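If you read the protein sequences in the order shown, they are chains F and L.
Just so you know, the first sequence maps onto residues 1 to 1002 in the working numbering.
Just so you know, the second sequence maps onto residues 10001 to 10434 in the working numbering.
Here a beta-carbon is modelled for each residue, glycine too, at the ideal position from N, C-alpha and C.
The model shown is predicted, which means the values in this text are computed figures rather than measured ones.
Notes to accompany the following structure.
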Amino acid sequence: MRINLFLVLPLVICSGFCLAQQTFPVNGVHDERPDVFAFTNARITVAPGETIHNGTLLVRDGKVVAAGQNIAIPQAAVVKDMHGQYIYPSFIDLYGFLGAPGKNDKHDKSSPLMKPSHWNPAIHPEHAAVDHLEISDKEREEWLKSGFALVNHHHRDGIMRGTSVLVGMGKGPLQEQVFIPEAALHCSFSKGSSKERYPSSLMGAIALVRQTLYDARWYANNTGAKDENLALEAINEHQKLPIIFEAGDHLSIPRAQAIAEEFGLSFIIKGNGKEYRVMRELLSSRPTLILPLDFPQPYDVKDPYEAMEISLSDLKHWENAPFNPLWMEQAGVDFVLTKDTLKNAEVFWKKFQQALLAGLSAQDALEALTVRPAALVNAPQLGTLKPGQWANFFISSESLGNPDFTLTEHWVKGQQAYNGHFETLDIRGNYDVVLGGHALKLKVSGKRPKPHVEATDLHGKHKATLKRQGELLSIALNLGDSLHPQFYLLSGKISLKGAAWDGNAKNPEGQWVPWTAIKTREPLEPEKQTRPDSLEPGPVWFPDMAYGFDTLPTSKTFVITNTTLWTCADTGTLERVDLWVENGKIKRIGQDILIPENIPRINGSGKHVTPGLVDEHSHIAISRGVNESGQAVTSEVRIGDVINPEDINIYRQLAGGVTTAQLLHGSANPIGGQSAIVKLRWGSNAEEMKVKDAGGFIKFALGENVKRGNSRNHGNRFPITRMGVEQTFADAFIRAKEYQHGNGPVLTPASRRKKEGPGNEAARQRKDLELEALVEILEDERDITCHSYVQSEMNMLMHLADSLGFRIRTFTHALEGYKVADKMQARGIGGSTFSDWWAYKFEVKDAIPYNAAIMHNQGVTVAINSDDAEMGRRLNQEAAKVVKYGGVSEEESLKMITVNPAKLLGLDHRIGSIEVGKDADLVIWSDHPLGTHAIAEKTFIEGRLYYDRSRDKLLQERVQQERGRIFTKMLQEAKDRQKQKLKKKQETPHYHCDTILEEYMP
Amino acid sequence: MKCFVLIPFVFLTALATAQVPWPAPENHQKILIRYGTAHIGNGTVVQNAYIIIEGREISQVLDANKARINTQDFDTIIEAEGKHIYPGFTVMDSRLGLTEIDAIRATHDFEETGKFNPNVRGITAYNAESKIIPTVRMNGVLMAQIAPVGGRVSGSSSLVQLDAWNWEDAAVKTDEGIFLNWPAHYRQEGWWAMMGGIKKEEKALEETDTVYAFFEQAKAYAQMNEVTVRNLRFEAMRGLFDGSQRLYIRADRAREILQAVMFVKKLDIKKAAIVGGAESYLVTNELRENNIPVILHRIHSLPKREDTPIDLPYRLPSMLHEAGVKFAFSTVGDMEVMTTRNLPFQVGTAIAYGLDPEVAIQALTQVPAEIMGLSETTGTLEPGRHATFFLSEGDPLDIRSNEVTHAFIMGREIHLWSHQERLYEKYRAKYQMK
């Protein structure tokens, strides 16, 4: 039971190593030993940057007594001559995992120690890894061989995972190896084995973390009427612990950091090795990171067709991954290193070496593996070899960073935990051998632990293998050739401190013959380097993938001259005009305007210029789940939390002239999540993409998707009919109204926020993120975009809105909008629709390509949207269909992809039309913008050139050149490395509305 | 001139009766279409043309600047001055009439269960009265190759014209080809909304062996003088070995296409085509040398990979043309049936990216006819071919100017409205719109 451990463990730690045994019964005679060790003649790194040459390390009762020169060695000490070997403080892995082979890191749901706590099984902060501790000898040895004496282990399952245990890798009972029973609280965005549907998306996981933290605060401050909640209690209890947050990928580091800032917490964030790709965010928010060393292996690129499956982004990461720790160090970002996912010691040291080859100093690497992690888990007695510290250290033949580095011994709590049986006597060199009647020469070379042996006599070279165990040697020697083997099997001993060997051998005839070997020459130093002594990084682009920028575009002053300008404003379409852009805004428009000579000109003659296109309904650039389908009402989730600035579709849509998009939650549930309105600033980060002064928006949905008529496993989530959909909305808004009023008088939005903000501990009412968003709707601070198809459901929501007092901004899709256009117009509801989609489900059987025209004719503000990454590349063609099918004028049709969606997003004061003072979001087209032959040649956002067709041609070439360059490098390196199976990174999925994500993580 | 009188009448009747237009009656007239620009479909254009229709066929196409005709000889004369005339467009590898609503399984008749189904015939499930068909014709698509999907061998394809009472009337050529899905070398992991990595198909080689084994047996069967035990599957494939049927192989990656080409050569399959062919531009020599055309998937598609040039799907037709590889078009993909009416605009996009406009027209008309072995019957505006064509106010491959005013299928002038225009009418009436 956990409670017992708590009683015992503080005792264990306070009273030290040996005394801890006092409570243990002894079978037989007591065996208390002096346990004093002196390691002499060693090069001791007491702490990073603090080295003693030819020093002595004195250890007693598991702790360092002294480290230095001229240390008096007590009589009780066992003296170990280190022969100039190196001693380093042991590594600490804050993100280790202990689990016997074959047992994965899945949470054991059947564990009797799982407590009934939070409603969501992914939230179990009360769980303590120390309760389930198990270590196999094999994994312990791998840790020790890798230099780690301390592993901070937690159960890698769920979103709030509970506490980790900092456990030593020493021998002896586990009870003696628990250094800190609850070292840190662990969280992630991955729900793990939980069978609960919610959260089904990353944004849902973020919302759940936030809600739970709010709940914990509320719980702490409302000691009165409440149910016992073990999870919330545990969170509050663990507030003093460091919080380690597994972000999952580099883009999620800022996401985790935002939560930390919201709650005034500081997280230690576990990354994925691509942190250099979010350097700008790291520099502004400065979290502490746990960086993996699992740099990718080279890919197999021998077949050029097959190699096409590997993206340039992955190739570039292969090249730059080893530089990640160095670049963090150079930028002053705090980090520690982890062995996580590296399967054994050999691989770990290879990767460690790679990080050093990339330029990270051995001292920085050592810090990131010793003192820094010790400080992060508040363990002042760990991390160095200063007096009073736990005597955790490893011994090596060479210094850290030396290619021949071999870890020879590892001591934990002053006891030898691992012995690599390293032979201090170096037998490499040349020998003259007399074997029976034969005289031959032997050359022993190569790596010190496993040297290579070659014999030569009058007949030439012969194969030989050598085995060594301490001072004993055995050599198998073939003095014949492969066709006529003549094996001599030698056994003997090393004598005269390595100067001579001697012993007996069996000759091929089976007779014993004596042999001797006399060393004639010491080994040649240094061994020839087979590897480069440094690595070269490649360029890092924004984003770091195909078509990324070398440097982000800057706002330019320029004039587009003598062009046809589709203003999408009252001025209509202007011929032969000049357009002057300055400071990201439109400065002047007109014919023959006076423009200073020094301003660059773009010849717009024969071209058409339109406002940047606005897509009211898009699902691109969203990380790990467009739908939070776990519940019917999920107004707490925010697309703004999960913007993915590395989606290639951003660039592709810029090439179609789109500059602004509303990134919408999917339509899996009646009340979906909050939208993000972004400008497609390719190369910028998620925050920079957001339109800062955009109002709040939220996605609602009706019809087949929300009643899950097309779902493979629709289950029993209410609602499954349009009748139920109505009730879902009614219930949600009635609850929101009650919440809005709370226990006291109606508060203004501002004062309510102040009262319930995260800083206000006195708040009586539990902050409910779901209802907050609905209250914002009721208070006109958040607008609704509602996915809808048939007239009956649209009619229903309009009635509900009227009766409950909220406003619908836009019916999106609205394919039967033409049937209720009059009702929409009367309420000022816009229609954002497809030009000609139909027949893809039953509810669109009455969809007609005249829908936009009829709604427009009835005075509805109409937009044509994409909902589809492919269609978003050619919205101009879709607008042209409104002319073709409904006879709407070309200017009005173009407005349906510019100023009309801008109006529906409440941004027409800034974007959507070309007028003086508005954002210089512009597209230069090769031809009439509604023509099928029109190509967007240049796309500007606020005067910055984000897409340029002529530049794109160069980028296409650059992609091929970079691929070729990296292939060459990879093939070169793959020679002395095992090749990696073709494995591609996660492709950015393309969502549209019908996407229902059941799971976003394994 | 009679047709001008007819049309308003037709409209009224339609309003009163059906939601879907009815097939036009057999043509017994001699019709002259004069002074339009005739895009023959073989790459040539007659600027000022007389096109003469007799019964089901085009009897003459003349240069109006040179030829003399007697207008008295004609029952109907259509004035086409300023208009453009094209052979009816053909969509390849289509599920038109095999499904009505994508999300409703009960309306799906395009994918049979089982692995080797060469005997399954797309034509038998073709619903000539699908509501989608009229919406497709009005933009110039008048014929479709109806092909099943799924399994390793999906079944046989047939060419239909899009104005018929039933599939029997609709069929222009039945079972003209067999569709084979070449084993893919890689697989997109995860599911479509949340893709995982690209994984190597470890069983691709094994799968390829089963394809060889099946076709080798089919070939041996086809060579038997006397069949004692009939095998429906192999019976359906006889035409592949005597050149009367074409083998359509769905393959996208360069190495898969290469394998498919080698397969065709090894089995001595006389006529083949690659369907999809996303990477066909990498293996154009093999395709050209072996006279294998490519049925391209929809031009309006996303580049296959992150690194793929963003305009590659748009440029692919012109790249193939420059390399001397023949191609035709399909609309394969999401909502592929509904979007058949956008086929002309997809091809129009390829023109913006370098495809010659008349080559584009050829790929929509003559090339499909050739591929299906009908070059003497249909696909161009040449004497003796089916009078299957349409008139447009402007370039039909540009949304701005695609305005089909008349369309004929085998001499019959068809209706150019669908239930969608009826709904338009209905709600214009509701709002008293003009």
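- In the pairwise beta carbon analysis, the region 411-422 of chain F is classified as touching the region 130-148 of chain F: at least three pairs are separated by under 8 Å.
- Residue burial is scored here from C-beta neighbours: TYR10431 (chain L) has fewer than 16 other C-beta atoms within 10 angstroms and is therefore classed as exposed.
- Apart from the 5 residues on each side of it in sequence, GLU793 (chain F) sits with its Cβ closer than 6 Å to the Cβ of LEU702, GLY703, ARG722 in its chain, given in chain order.
- Taking all protein chains in view, the Cβ of SER90 (chain F) is crowded by 16 or more other Cβ atoms within 10 Å, so the residue is classified as buried.
- Taking the beta carbon of LEU10423 (chain L) as reference, the chain F residues within 7 Å of it are ASP846, ILE848, listed in sequence order.
- By the rule that beta-carbons nearer than 7 Å mark a contact, MET10433 (chain L) touches chain F.
- Under the three-state reduction of DSSP, GLU346 (chain F) is assigned to helix.
- With three or more CB-CB distances shorter than 8 Å, the region 10121-10133 of chain L counts as touching the region 10093-10107 of chain L.
- Contact check between the region 941-950 of chain F and the region 638-656 of chain F: three or more CB pairs, one atom from each, fall below 8 Å, which counts as touching.
- Within a 10 Å sphere around the beta-carbon of LEU213 (chain F) sit 16 or more other beta-carbons, which makes this residue buried.
- Within the same chain, and ignoring the five residues on either side of ASP334 (chain F) in sequence, the residues whose Cβ sits closer than 6 Å to its Cβ are THR288.
- Counting only runs that start and end inside the region 10143-10171 of chain L, the alpha helix (DSSP H) elements of at least 4 residues fall at 10167-10170.
- VAL371 (chain F): member of the alpha helix (DSSP H) spanning 371-376, first to last residue.
- At least one beta carbon of chain L lies nearer than 7 Å to the beta carbon of PHE842 (chain F).
- Look at the region 10238-10268 of chain L and you find these whole runs of alpha helix (DSSP H), each 4 residues long or longer: 10238-10242, 10254-10266.
- According to the DSSP secondary-structure assignment, MET160 (chain F) is paired through a beta bridge with F:ILE123, F:CYS187.
- Proximity of SER474 (chain F) to chain L, defined by a Cβ-Cβ separation below 7 Å, is not satisfied.
- Not a single C-beta of chain F is nearer than 7 Å to the C-beta of MET10092 (chain L).
- Secondary structure note for ASP10356 (chain L): it is in no beta strand (DSSP E), with a DSSP letter that is neither H nor E.
- LYS443 (chain F) is bridged by DSSP to F:ASN430, F:GLU454.
- In this chain, the beta strand (DSSP E) harbouring GLY672 (chain F) covers 671-674.
- For LEU930 (chain F), the C-beta contacts it makes with chain L under 9 Å involve ILE10399, ARG10400, in order along the chain.
- Within the same chain, Cβ atoms closer than 7 Å to the Cβ of TYR10035 (chain L) are found at ASN10048, ALA10064, GLU10079, ALA10080, GLU10081, the five residues on either side in sequence being excluded.
- Residues ALA10024, ASP10163, ALA10407 of the same chain have their beta carbon placed closer than 6 Å to that of ILE10414 (chain L), with the five preceding and five following residues left out of the count.
- For the region 10289-10321 of chain L, the set of residues with a beta-carbon nearer than 7 Å to any beta-carbon of chain F comprises HIS10300, SER10301, LEU10302, ARG10305, GLU10306, ASP10307, PRO10309, ILE10310, in chain order.
- Burial of TRP327 (chain F) is indicated by the presence of at least 16 other C-beta atoms within 10 angstroms of its C-beta.
- Only residues of its own chain outside the window of five on either side were considered, and among them ALA10323, VAL10325 have a CB closer than 6 Å to the CB of THR10284 (chain L), listed in chain order.
- In the DSSP assignment, LEU466 (chain F) falls within the unbroken beta strand (DSSP E) covering 460-469.
- Against chain F, a Cβ distance below 8 Å from TYR10281 (chain L) picks out nothing, because the smallest value is about 12 Å.
- By the rule that beta-carbons nearer than 7 Å mark a contact, LEU312 (chain F) touches chain L.
- Contact between the region 10109-10126 of chain L and the region 10355-10374 of chain L is not established, with fewer than three Cβ pairs separated by less than 8 Å.
- The beta-carbon distance between ILE643 (chain F) and GLY872 (chain F), rounded to whole angstroms, is 16 Å. This is too long to meet the 8 Å contact definition.
- The beta carbon of ALA661 (chain F) does not come within 7 Å of any beta carbon belonging to chain L, so the residue lies off that interface.
- When DSSP states are grouped into helix, strand and coil, TYR488 (chain F) belongs to the strand group.
- Inter-residue distance for ILE180 (chain F) and VAL165 (chain F) is about 6 Å (C-alpha atoms, whole angstroms).
- Annotated three-state conformation of GLN631 (chain F) is coil, per DSSP.
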